[in-house]
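First comes the structure, then the notes that go with it.
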Amino acid sequence: MRPLRRAIPALALVSLAALAAGCSASPGGGDAEPVEGGTLVYATGDAEPTCLDPHVGGNYPQGLISTQYLEPLFGRTAEGEIVPWLAESGEASDDGLTWDITLRDDITFTDGTPFDAEAVKANIEHLQDPDTASSTGYLAVEQVESVEVVDDTHVRLHLSTPKSAMLEVLSQQWAAMQSPAGIERGMDENCQAPIGTGPFVVESWTPQEQVTLVRNDDYVSTNPEADHDGPAHVERVEWRFIPDAATRQAALASGEVNVIDNPLPTDIASAEEQGFGHIDAPRPASANRIELNSAQAPFDDDLVREAFIRSADPNPGIETLFAGTATRSYSVLSSAEPVALSDEEAFRTDADEANALLDDAGWTERDDDGTRMKDGERLTVRFPVSTNQSTAAEQSLFEQIQANTAAVGFDVQLEPTDLSSWYGALAAHEYEAVSAPYTTVGPDVLRILYHSDGTIPAPSGYFANNAQLTDPELDALLEDALATTDADEKAELYTEAQRIIIDSHAVLPLYDQQNHFLTNGVEGVTTIHTISTPTLVNAQLTE
Amino acid sequence: MTASRGPGRVALPARWIAAKIGAAILVMWIVATLVFFALRASGDPLEAILGGPGSQAGPEAVQAAIERYALDQPLVVQYLLQLRDIATLQLGDSYARRQPVADLIGDQLPNTLLLAVLALALAWVIAVAGALVQAVSRGRWGRAVGAVMHGLEVVASVAPQFWLGAVLIMLFASSLGWLPATSASSDPAALVLPVVTLAVPIAGFLSQVSRDALADADAAPFATTARSRGSGEIRVLLRHTLRHASLPAISLSGWAFGSLLSGSVVVEVLFARPGLGRLLQEAALSRDVPVVVGAVVLVALLYVVVVIATDALELVVDPRLRRSAAALRAPDVAVGA
């Protein structure tokens, strides 16, 4: 009996370890044949929308899900060219104050309402209605003074000021078209199930669990990414909310879900090995970057800003913390923007140069902990970090930057907070450095982020120009770029503007806004090139 | 008013009940006040109404929201309005979802209660089973079992739920594929991992407390007397010592229930399970004041009700406490002494 008694716990331990180590239920994608129909399960780690209508508020989670059931007037190619979607074409008048948009005549909303000029008018007015409380979509159509219905398929937008980015902003999911009859039901009902023209229709929404979408059998294939005519392949989509990244990954591995977003860098790195599909779709407009507040000490001094750029040295951190899944960016704009200006030399690391710059700037004294001082003031950099927006890897990267810059005498104080307090700190100018992602479409994001108008707070206290750049020359370039409809001239203006922004030393680019998706048991998942959300129009289950 | 003797015919003293209800109302008022001011001090509720923090909504939209939700009133007036709403059970509408708070909470409460009740039941089963195993194990073998059980209790009671849940998901969902990692579906199998995750730490505490109480009872004269009459160990346990030892565990169950409700925030997020905890977490992050106040007040109410219920249950089980309750003073007999 004795040996056996001792053997039992040992056996139990060994078998447990074997179970944990041995069995990794990795379903190889490989040879599985695609099938028609079935239910695709998508698991999102983004917050659950409080309203499924992206006109209301307007954030990325709404953009993600509404891509499946609402469609915008225009689309965009991978090269950044605007292409037709629900509209056939759009053209500005010579003075840039009117836009004539021609619509397709063969589209019907899923409630039977025809898609026509009246519908476009109703949508733009819905975005402008204060009761809609639109934020993102409102910005898109802010300059539209009135919408003229010319005939069923022609609509004319009258603008207060020229906006060459008009078609780009209309391509954003937050300005997508919905049935006017749906809007008329009132916000409460419309938020539960907006009615669009997309490949899927909202069937039901069980808060905290899932949104159930069913196939639109009458879908007219307008999506620029669609690879076939007619309806989608899968019959139903369960759009589930799984906030924890490890749980999402486990659900993908066990086959409970077919697509996940926001995977952990280590899981992306091992995706291929585990037989999962991987989609890397950097978001357009701006790159992820650190901005230095040039409006107050110590970063009101260009020398000090440059010293920070020279000493931050983010590359080793990006390589290790992101497990090789993120590429260092040397551009203010996303690599998805064709006019992005990349300048590696401008962001070189050189600690000796940083020390010399700080000496020149007069930060020559040292405190007991090695932090530089000037006139009794420490070289302190308050850096509020939004734990909602910055991933664990990014927060670790900031800690490395904190250590790197400490070596030349900066005292970076990382202050992790929730989103609301974070915006509060920015609104109160209680920051010297910050990393604030901004998702929109096109290089006009430069105007939103770096035009001096962006230092003036919105009624909520929000302002987008965190670098606090107020350069009249830069303002003029960005205004001209917005006004011109000549593509070459526009590209030239945006290049000059980026030159000024880079040389200001107020921006340290890190990498593209990370936007990865992993798939299992499904093929044909692709992303649209406006806000890089996935569309399931071509998706086919392979089980 | 005299407390009646004998099991089954126990009347609770009216003064005792009145004192408990008074205390409950006080607790709820304090909770509602703290939550209201904490939320208002740390962020602007306009954000929740206008599409979340960082909203760029125009001035007309901001004005419309301020008027609709009476945000132009002084803070004290808004606070009194909120108290009136709670007192009249009108919880108002969610800023972010624009739905009645009562509906939102009503939808999610059953999910969380189911989780908490199952977890508490499982914790009790584990704790009693553990106590029984130790009680019947005597001699050298018994000491060994006692040491192992003691170790397990300590590990269980300090295991963080987010860690335990993640390990269970890795083992049973990712590797073995026996159970689903998430539990949005109505599949009963989906309840297993969340319930176990919630129950294990509670079971560790309950087991420790009942074992100590059991050891005390075991050494008490009445147990010796029972043995001297020739009762077997199992009989002594079931008839005499276990009842005695259950008292501290019963009073601990009130605490455990509160701990389960707060633990549900972690477990619901981890297992993507719908429930009150997740509703509360999301509402707090988006500064949805009516939902947070409504949910917190409801959780406080539940907690208070359960604590009163466990106090009442103790009175039923232990006649010594009943006498002191009638006199509304501290018990003159210490539990387990």
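Note that the protein sequences, when read in sequence, are chains F and L. Anchor point for the first sequence: position 346 equals 327 in my numbering, and the numbering is continuous, going up by one each time. For my numbering, add 494 to where a residue sits in the second sequence, where the first one is 1. In this text, a Cβ means the ideal position worked out from N, Cα and C, and glycines have one as well.
Exposed unless 16 or more other CB atoms sit within 10 angstroms - verdict on D425 of chain F: Answer is buried; the Cβ neighbour count reaches 16.
Distance, Y419 of chain F Cα to T117 of chain F Cα: Using only the alpha carbons, I get a separation of about 11 Å.
Ranges of the alpha helix (DSSP H) found wholly within the segment 99 to 175 of chain F, counting only runs of at least 4: 117 to 121, 147 to 151, 161 to 165 and 168 to 173
F765 of chain L at chain F interface by Cβ criterion, 8 Å: yes
Option in L:A559, L:F531, L:A517 and L:A535 with minimal Cα separation from P440 of chain F: L:A559
Residue-chain proximity (S5 of chain F, chain L), Cβ-Cβ < 8 Å: With a pLDDT of 40 at S5 of chain F, under the threshold of 50, the modelled position of that residue is not reliable, and the figure given next carries that caveat. By this cut-off, S5 of chain F is an interface position.
DSSP state of N446 of chain F mapped onto helix, strand, coil: Three-state DSSP puts N446 of chain F in coil, outside helix and strand.
Chain L within 8 Å of R434 of chain F, Cβ atoms only: In the sequence on display, residue 434 of chain F carries Asp and not Arg. Judged by the 8 Å Cβ criterion, D434 of chain F is not in contact with chain L.
Range covered by the beta strand (DSSP E) that runs through L364 of chain F: The amino acid at residue 364 of chain F is misidentified as Leu; the sequence shows Phe. Residues T361 to S367.
Expected contact under 8 Å - CB spacing of N269 of chain F and D493 of chain F to nearest Å: 7 Å
Chain-ordered residues of the segment 389 to 404 of chain F with a beta carbon less than 9 Å from chain L: Within the segment 389 to 404 of chain F, the residues whose Cβ lies closer than 9 Å to some Cβ of chain L are D399, L400, S401, S402, W403 and Y404, listed in chain order.
Chain F contact residues for E647 of chain L, given Cβ-Cβ distances below 7 Å: Simply none; closest approach about 17 Å.
Same chain, Cβ closer than 6 Å to F391 of chain F, five either side skipped, listed in chain order: Taken in chain order, the residues that qualify are L360 and V362.
Classification of W510 of chain L by the beta-carbon crowding that lies within 10 angstroms, buried from 16 upward: The Cβ neighbour count for W510 of chain L, taken over all protein chains shown within 10 Å, is at least 16; the residue is labelled buried.
Reduced DSSP category for T436 of chain F - H, G, I as helix; E, B as strand; rest coil: In the displayed model, T436 of chain F falls within a helix according to three-state DSSP.
DSSP three-state assignment for A24 of chain F, whether helix, strand or coil: strand
Chain F contact for T718 of chain L (CB, 8 Å cutoff): Not closer than 8 Å to any Cβ of chain F, the Cβ of T718 of chain L fails to qualify, so no.
Contacting residues, own chain, Cβ-Cβ under 6 Å from V571 of chain L (five flanking each side not counted): The beta carbon of V571 of chain L lies closer than 6 Å to none in the same chain, with the five residues before and after it left out.
Short CB-CB distance (under 8 Å) between S47 of chain F and chain L: It does not; no Cβ of chain L falls within 8 Å.
G18 of chain F: first and last residue of the uninterrupted beta strand (DSSP E) it sits in: Taken as a continuous stretch (DSSP letters only), G18 of chain F belongs to no beta strand (DSSP E), as it is neither H nor E.
Opening and closing residue of the beta strand (DSSP E) in which F303 of chain F lies: It is not in any beta strand (DSSP E) - F303 of chain F carries neither H nor E in the DSSP assignment.
Outcome for T187 of chain F when other beta-carbon atoms lying within 10 angstroms are tallied against a minimum of 16: exposed
Where the segment 220 to 235 of chain F meets chain L: residues whose CB sits under 7 Å from a CB there: Result list: R221, F222, I223, P224, D225, A227, T228, A231, A232, A234 and S235.
Chain L contacts made by the segment 174 to 201 of chain F, where a contact means CB separation under 9 Å: Cβ contacts with chain L come from T187, P188, Q189, E190 and Q191.
Cβ neighbours of D579 of chain L in the same chain (closer than 7 Å, five flanking residues each side left out): If we look at D579 of chain L and ignore the five residues flanking it on each side, its Cβ neighbours are L585 and G586.
Cβ neighbours of P417 of chain F in the same chain (closer than 6 Å, five flanking residues each side left out): A small correction: the amino acid at residue 417 of chain F is Ala; Pro does not occupy that position in the sequence shown. So the list reads N447, once near-sequence residues are dropped.
Partner residues on chain F for M845 of chain L, Cβ-Cβ distance less than 8 Å: This structure leaves residue 845 of chain L out entirely; chain L is present only between 495 and 831.
Nearest-angstrom Cα separation, counted from A307 of chain F out to P768 of chain L: 33 Å
8 Å Cβ cut-off: residues of chain L touching E254 of chain F: By Cβ distance, chain L contributes nothing, its closest Cβ being about 14 Å from E254 of chain F, past 8 Å.
T25 of chain F vs D283 of chain F beta-carbon contact at 8 Å: no
Chain F residues whose Cβ lies nearer than 9 Å to that of Q628 of chain L: Ordered by position in chain F, no residue passes the 9 Å Cβ test against Q628 of chain L, which lies about 17 Å from the chain.
Residue closest to D788 of chain L, alpha-carbon to alpha-carbon, out of L:Q593, L:A508, L:G516 and L:L540: It is worth fixing the name first, because residue 788 of chain L is Gly in this sequence and not Asp. Closest in alpha carbon position to G788 of chain L, among L:Q593, L:A508, L:G516 and L:L540, is L:Q593.
Bridge-paired residues (DSSP) for V622 of chain L: None; V622 of chain L has no bridge partner.
Buried versus exposed call for Q394 of chain F [16 or more other C-beta atoms within 10 Å across all chains shown]: The residue in question, Q394 of chain F, is exposed, as its Cβ has fewer than 16 Cβ neighbours within 10 Å.
Inter-stretch contact at 8 Å, needing at least 3 Cβ pairs: the segment 351 to 358 of chain F / the segment 305 to 323 of chain F: no
Neighbour flag for D169 of chain F against chain L, beta carbons, 8 Å: yes
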